[in-house]
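Novice: Okay, so the sequence shown: first residue is 126 according to the working numbering, each after it adds one.
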Amino acid sequence: MNIKNNINQIKQLLIPGCELIVVSKTQPVEKIKEAYEAGHRAFGENKVQELMQKVHLLPTDIQWHLIGHLQSNKVKFIAPFIHLIHSIDSIKLLQEVNRQAQKVNRIIPCLLQVHIATEETKFGFSPKEVKQFMTNPETGKLSNISIQGLMGMATFTDQEEQISKEFRKLKSLFDEIKTCTLPNADIKTLSMGMSGDYLLAMEEGSTMVRVGSAIFGERNYAL
Ligand SMILES: *Cc1c(COP(=O)(O)O)cnc(C)c1O
126 MNIKNNINQI KQLLIPGCEL IVVSKTQPVE KIKEAYEAGH RAFGENKVQE
176 LMQKVHLLPT DIQWHLIGHL QSNKVKFIAP FIHLIHSIDS IKLLQEVNRQ
226 AQKVNRIIPC LLQVHIATEE TKFGFSPKEV KQFMTNPETG KLSNISIQGL
276 MGMATFTDQE EQISKEFRKL KSLFDEIKTC TLPNADIKTL SMGMSGDYLL
326 AMEEGSTMVR VGSAIFGERN YAL
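1) Tell me, to the nearest whole angstrom, how far the beta carbon of A339 is from that of E291; I am working on the premise that it is less than 8 Å.
2) Identify the residues that DSSP records as bridge partners of S354: which are they?
3) Using C-beta distances below 8 Å, list every residue in its chain close to L139, excluding the 5 sequence neighbours before and after it, in chain order.
4) What are the boundary residues of the beta strand (DSSP E) that L298 is part of?
5) Quick check on the DSSP output: what are the complete beta strand (DSSP E) runs of length 3 or more inside the segment 169-243, in order along the chain?
6) Using only the heavy atoms of ligand 1, determine whether one of them is closer than 8 Å to the beta carbon of M333.
7) Under three-state DSSP, which class holds S320?
8) For H190 and I302, I'd like the C-alpha separation in whole angstroms.
9) Just the C-alpha distance for I213 and A163, rounded to the nearest angstrom, thanks.
10) In this structure, how does DSSP classify L138 when only helix, strand and coil are distinguished?
11) Verify the contact flag: G337, CB atom, against every heavy atom of ligand 1, threshold strictly below 8 Å.
Next up, the structure:
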């Protein structure tokens with residue numbers, strides 16, 4: 126795999142206004158450095174422990190995105206530097222992010238993860254929960270977070286119409302919450318699309334795609 130070529134090829138396909146997050150989970154630091162040297166700065170990891178190991182070995186101008194399930198007791202480790210948390214899946218977690226952000230005197234950008242796929246999962250809000258949460262004045266009191274949009278994953282299937290339908294649903298929820306007037310809401314990011322479906326996601330209005338294996342090749346979880 127030529128990492129630099131792969132990144133450049135994907136960047137040429139991005140629609141204007143859509144940002145690429147290079148998903149570097151399970152990839153060794155040397156591979157991330159290759160992408161960095163190609164000029165890329167935004168990387169996504171899904172585990173706090175793995176992220177913390179990598180952060181210290183890589184340049185400080187990398188923008189780190191957390192894209193996987195986050196446990197409340199791990200928020201304190203990433204609060205000082207995390208660029209965007211895509212995977213807020215409970216109010217309790219958001220409250221903890223707010224608390225830890227306050228401690229380090231930051232306002233941490235967050236996305237709410239929405240469950241749009243047909244597969245069962247423990248993680249993510251329902252669209253109804255998102256609407257309730259974004260119209261609740263209590264939400265607006267979390268002054269050390271900035272709610273910037275939504276993240277979702279489509280069903281793992283080769284049925285493109287199914288995938289597009291799920292992305293369309295997330296985009297319509299995104300448009301709905303854009304009108305939200307909470308003081309800590311600044312709705313501008315719709316994080317949807319991975320290696321297999323980022324073109325479909327962009328057709329449906331994605332502003333941020335998270336791509337791993339199309340850049341680095343298949344992941345080796347044994348590493
Ligand atoms: C692993 C992962 C990705 C990237 O997946 P690829 O199919 O390798 O592009 C994107 N988003 C999330 C939340 C992930 O966990």
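All C-beta atoms, glycine included, are put in the ideal place defined by N, C-alpha and C.
Specialist: Checking against the coordinates, here is how it stands:
1) About 20 Å separates the beta carbon of A339 from that of E291, a gap too long to meet the 8 Å contact definition.
2) Shown here, the chain extends from 126 to 348; a query on residue 354 therefore has no answer.
3) So the list reads L145, M327, V334, once near-sequence residues are dropped.
4) That residue, L298, is in no beta strand (DSSP E); its alpha helix (DSSP H) goes 285-302.
5) Secondary structure within the segment 169-243: the beta strand (DSSP E) runs of 3 or more consecutive residues, fully enclosed, are 188-191, 209-213, 233-239 (chain order).
6) In this structure, M333 has its CB at a distance of at least 8 Å from all heavy atoms of ligand 1.
7) Assignment of S320 by DSSP, reduced to helix, strand and coil, places it in the coil class.
8) Distance between H190 and I302, taken at the CA atoms: about 22 Å.
9) One C-alpha to the other measures close to 30 Å.
10) In the structure shown, L138 sits in a helix (DSSP, three-state: H, G or I).
11) In this structure, G337 has its CB closer than 8 Å to one or more heavy atoms of ligand 1.
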